[in-house]
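Engineer: Handing you a structure now.
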Amino acid sequence: MTNLLTRPHPHREARRDLMTAHRPLLLCAAGMTVLAVFSGIGMVIDERAVLGEPVWLKPFKFAVSFALYAATLAWMLGKVQRWRRTLWWLATVVVVGFLLPEIAVITFQAARGVRSHFNFSTPLDGTLFAIMGGAAYLGWLMTFAVGVFLLFQRRLDRAMAWAIPLGIALSLGGMSIGYLMTAPTPDQAEALRNGLESTTIGAHSVGGFDGGATMPLTGWATESGDLRVAHFVGLHALQALPLVAVGLRLLARRFPVLHDMTTRTALVIVAALGYAGVVVLLLWQAQRGQALTHPDGLTLTAAGALLAAVTVSATIIVSVQRARRLSRSR
Numbered sequence: 001m002t003n004l005l006t007r008p009h010p011h012r013e014a015r016r017d018l019m020t021a022h023r024p025l026l027l028c029a030a031g032m033t034v035l036a037v038f039s040g041i042g043m044v045i046d047e048r049a050v051l052g053e054p055v056w057l058k059p060f061k062f063a064v065s066f067a068l069y070a071a072t073l074a075w076m077l078g079k080v081q082r083w084r085r086t087l088w089w090l091a092t093v094v095v096v097g098f099l100l101p102e103i104a105v106i107t108f109q110a111a112r113g114v115r116s117h118f119n120f121s122t123p124l125d126g127t128l129f130a131i132m133g134g135a136a137y138l139g140w141l142m143t144f145a146v147g148v149f150l151l152f153q154r155r156l157d158r159a160m161a162w163a164i165p166l167g168i169a170l171s172l173g174g175m176s177i178g179y180l181m182t183a184p185t186p187d188q189a190e191a192l193r194n195g196l197e198s199t200t201i202g203a204h205s206v207g208g209f210d211g212g213a214t215m216p217l218t219g220w221a222t223e224s225g226d227l228r229v230a231h232f233v234g235l236h237a238l239q240a241l242p243l244v245a246v247g248l249r250l251l252a253r254r255f256p257v258l259h260d261m262t263t264r265t266a267l268v269i270v271a272a273l274g275y276a277g278v279v280v281l282l283l284w285q286a287q288r289g290q291a292l293t294h295p296d297g298l299t300l301t302a303a304g305a306l307l308a309a310v311t312v313s314a315t316i317i318v319s320v321q322r323a324r325r326l327s328r329s330r
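Be aware that the sequence shown starts at 1, since it is given in full-length UniProt numbering, and climbs by one per residue.
In structure tokens form, the structure reads like this:
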């Protein structure tokens with residue numbers, strides 16, 4: 001990735017990136033922002049609920065998530081130097097084949113007052129859910145392809161050059177967790193084996209049922225495991241890891257030990273490994289039917305071990321670099 005966050009005039013660079021960024025993605029991000037506002041208003045004035053949640057909560061959450069995804073991907077494409085036309089078309093397919101169909105179905109079903117996911121109540125509902133599934137598969141493939149092309153860009157800022165592909169890789173892992181939700185639950189599978197028709201196939205809850213007690217705003221289950229937690233955290237590695245690289249560069253202005261690019265790159269890699277560990281931990285917790293808000297001793301022990309490993313690794317990296325600086329100054 002060429003000259004990522006290394007130019008002497010960051011405001012001028014930001015304007016250049018905005019001018020060269022992928023316009024369909026930027027327009028999509030703007031549209032999702034408008035939809036998020038509209039859905040937020042809907043949650044206030046529309047009293048309807050689906051599975052105990054405001055009917056407009058899901059469009060709101062997906063609009064915010066898709067806005068962040070589209071804006072981040074547009075920013076990344078504004079940095080590229082090679083294969084611009086190929087990446088432009090890949091990103092356009094992401095908008096037309098993934099983001100727009102997915103949010104259109106979610107919004108349409110919310111307007112009807114029915115759930116969008118796992119809904120096979122009518123042929124229409126089943127068809128719409130199949131469209132969402134196909135769009136999600138296409139989105140995964142296109143994001144993977146974009147990540148591959150970004151991986152082979154010319155690079156000067158190695159920390160950001162590692163943060164971007166690692167963020168995309170973890171985001172793809174987060175997307176993949178969504179496919180676990182489409183499998184029938186044990187009760188649904190039993191009903192299907194007995195030849196019974198089911199209006200719902202798949203669930204995000206483990207060890208409970210969709211529509212139970214939930215956290216405010218997120219809607220995550222508080223009485224059972226919820227696969228959406230790991231899904232959400234994994235997805236947003238796309239933003240988190242580049243922000244780590246940016247943060248380390250800003251901190252380097254105050255802490256000389258971070259001036260070294262190798263040190264910042266190593267810390268980005270440690271952050272990525274730690275982030276991956278968090279996603280795996282959250283997935284493991286959910287699959288054991290355990291709510292995020294009620295971790296048991298085993299979960300807390302694993303979380304403590306992960307935190308300790310990341311802290312020790314980062315401390316070693318910084319200490320080694322500090323020792324090198326001291327030896328050079330003698």
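We treat Cβ as the ideally placed atom computed from N, Cα and C, and that holds for glycine.
Nothing here was measured: the structure is a model prediction, and the numbers come from that model.
Please name the residue, chosen from 134, 220, 280 and 39, that lies closest to residue 51 on a Cα-to-Cα basis.
Structural biologist: Position 51 of the sequence shown holds residue 51. The shortest Cα separation from residue 51 among 134, 220, 280 and 39 belongs to 220.
Engineer: If we ignore side chains and look at the alpha-carbon of each, how far apart do residue 194 and residue 303 end up?
Structural biologist: Reading the sequence shown from its first residue, position 194 is the one you call residue 194. Reading the sequence shown from its first residue, position 303 is the one you call residue 303. About 41 Å.
Engineer: To which residues does DSSP link residue 226 through a beta bridge?
Structural biologist: Translated into the one-based positions of the sequence shown, residue 226 becomes position 226. Residue 226 pairs with 205.
Engineer: For the segment 159-203, which segments carrying the alpha helix (DSSP H) assignment without a break, of at least 4 residues, lie completely within its bounds, in sequence order?
Structural biologist: 186-193
Engineer: Identify which residue in 152, 174, 176 and 29 has its Cα closest to the Cα of residue 165.
Structural biologist: On the sequence shown, residue 165 is found 165 positions in, with the first residue counted as 1. Nearest C-alpha to residue 165: 152.
Engineer: From residue 99 to residue 171, what does the alpha carbon distance come to, in whole angstroms?
Structural biologist: Counting from one through the sequence shown, the residue named residue 99 turns up at place 99. Counting from one through the sequence shown, the residue named residue 171 turns up at place 171. Looking at the two C-alpha atoms, the distance is approximately 15 Å.
Engineer: At which residues does the alpha helix (DSSP H) containing residue 132 begin and terminate?
Structural biologist: Stepping through the sequence shown from its first residue, residue 132 is reached at position 132. Run containing residue 132: 123-151, per the alpha helix (DSSP H) assignment.
Engineer: Please state the DSSP three-state secondary structure of residue 246.
Structural biologist: As a first step, residue 246 is located in the sequence shown; it is residue number 246 there, counting from the start. In this structure, residue 246 counts as helix in the three-state DSSP scheme.
Engineer: Quick one, are the C-beta atoms of residue 234 and residue 291 less than 8 Å apart?
Structural biologist: Within the sequence shown, the letter at position 234 stands for residue 234. Within the sequence shown, the letter at position 291 stands for residue 291. Judged by their CB atoms, residue 234 and residue 291 are not nearer to each other than the 8 Å cut-off.
Engineer: Can you list, in chain order, the residues of its chain whose CB lies under 7 Å from that of residue 204, leaving out five sequence neighbours each side?
Structural biologist: Taking the first residue of the sequence shown as 1, we reach residue 204 at position 204. 181, 210, 226, 227 and 228, listed in sequence order.
Engineer: Report the partner residues of residue 53 according to the DSSP bridge assignment.
Structural biologist: Numbered from 1 along the sequence shown, position 53 holds the residue referred to as residue 53. The partner list for residue 53 (beta bridge, DSSP) reads 50.
Engineer: DSSP state of residue 214, grouped into three classes?
Structural biologist: To locate residue 214, count along the sequence shown from 1; it is residue 214. Three-state DSSP puts residue 214 in a strand.
Engineer: Alpha helix (DSSP H) containing residue 264: first to last residue?
Structural biologist: Looking up residue 264 in the sequence shown gives position 264. Where residue 264 is concerned, the enclosing alpha helix (DSSP H) stretches over 261-287.
Engineer: Pair every Cβ in the segment 79-93 with every Cβ in the segment 125-137, then say whether three or more of these pairs are closer than 8 Å.
Structural biologist: no
Engineer: I need the DSSP call for residue 70, collapsed to helix, strand or coil.
Structural biologist: Position 70 of the sequence shown, counting from 1, holds the residue named residue 70. Residue 70: helix per DSSP, three-state reduction.
Engineer: Hey, would you say residue 268 sits closer than 8 Å to residue 243, going by beta carbons?
Structural biologist: The count along the sequence shown starts at 1 and reaches residue 268 at position 268. The count along the sequence shown starts at 1 and reaches residue 243 at position 243. It is not a contact, given that the beta carbons lie outside the stated cut-off.
Engineer: Counting pairs of Cβ atoms below 8 Å between the segment 107-118 and the segment 138-153, do you hit three or more?
Structural biologist: no
Engineer: Have a look at 271, 49, 147 and 283 and flag the residue whose alpha-carbon is nearest the alpha-carbon of residue 313.
Structural biologist: The residue labelled residue 313 in the question sits at position 313 within the sequence shown. Comparing alpha carbon positions, the residue from 271, 49, 147 and 283 closest to residue 313 is 271.
Engineer: Going by DSSP in three states, residue 240 sits in which element: helix, strand or coil?
Structural biologist: On the sequence shown, position 240 is the one that residue 240 refers to. If DSSP states are grouped into helix, strand and coil, residue 240 belongs with the helices.
Engineer: Closer than 8 Å by C-beta to residue 93: which residues in its own chain qualify, once you throw out the five before and the five after it? Chain order, please.
Structural biologist: Start at 1 with the first residue of the sequence shown, and residue 93 comes out as number 93. Within the same chain, residue 93 has close Cβ partners 138 and 142.
Engineer: What span of residues does the alpha helix (DSSP H) with residue 81 cover, start to end?
Structural biologist: The residue you call residue 81 lines up with position 81 of the sequence shown. Residue 81 -> no alpha helix (DSSP H), and no H or E assigned at all.
Engineer: Nearest-angstrom Cα distance between residue 279 and residue 32?
Structural biologist: In the sequence shown, counting from the first residue as 1, residue 279 sits at position 279. In the sequence shown, counting from the first residue as 1, residue 32 sits at position 32. Between residue 279 and residue 32, the C-alpha separation is close to 26 Å.
Engineer: By DSSP, does residue 291 sit in helix, in strand, or in coil?
Structural biologist: Within the sequence shown, the letter at position 291 stands for residue 291. The answer is coil: DSSP assigns residue 291 none of H, G, I, E or B.
Engineer: Pick helix, strand or coil for residue 221, following the three-state DSSP scheme.
Structural biologist: Stepping through the sequence shown from its first residue, residue 221 is reached at position 221. Of the three classes helix, strand and coil, the one that applies to residue 221 here is strand, per DSSP.
Engineer: Output the distance between the C-alpha atoms of residue 22 and residue 174, rounded to the nearest integer angstrom.
Structural biologist: Mapped onto the sequence shown, residue 22 falls at position 22. Mapped onto the sequence shown, residue 174 falls at position 174. Rounded to whole angstroms, residue 22 to residue 174 spans 24 Å at the Cα level.
Engineer: Could you please give the first and the last residue of the uninterrupted alpha helix (DSSP H) stretch that includes residue 42?
Structural biologist: Numbered from 1 along the sequence shown, position 42 holds the residue referred to as residue 42. Element bounds for residue 42: 23-45.
Engineer: Do residue 121 and residue 185 have their C-beta atoms within less than 8 Å of each other?
Structural biologist: Along the sequence shown, read from residue 1 onward, the residue named residue 121 stands at position 121. Along the sequence shown, read from residue 1 onward, the residue named residue 185 stands at position 185. Against a cut-off of 8 Å, the Cβ pair of residue 185 and residue 121 comes out as no contact.
Engineer: Mind checking residue 305: buried by the 16 CB within 10 Å criterion, or exposed?
Structural biologist: In the sequence shown, the residue the question calls residue 305 occupies position 305. Residue 305 should be labelled exposed.
Engineer: State the Cα-Cα distance for the pair residue 179 and residue 72, rounded to the nearest angstrom.
Structural biologist: Along the sequence shown, one-based indexing puts residue 179 at 179. Along the sequence shown, one-based indexing puts residue 72 at 72. Taking the straight line joining both Cα atoms gives about 23 Å.
Engineer: With the cut-off set at 8 Å, would you say residue 240 and residue 147 are in Cβ contact?
Structural biologist: Here the question's residue 240 lines up with position 240 in the sequence shown. Here the question's residue 147 lines up with position 147 in the sequence shown. No.
Engineer: Between residue 149 and residue 238, which are expected to be in contact by the criterion C-beta below 8 Å, what is the C-beta distance as a whole number of angstroms?
Structural biologist: Mapped onto the sequence shown, residue 149 falls at position 149. Mapped onto the sequence shown, residue 238 falls at position 238. That pair is no contact at about 15 Å.
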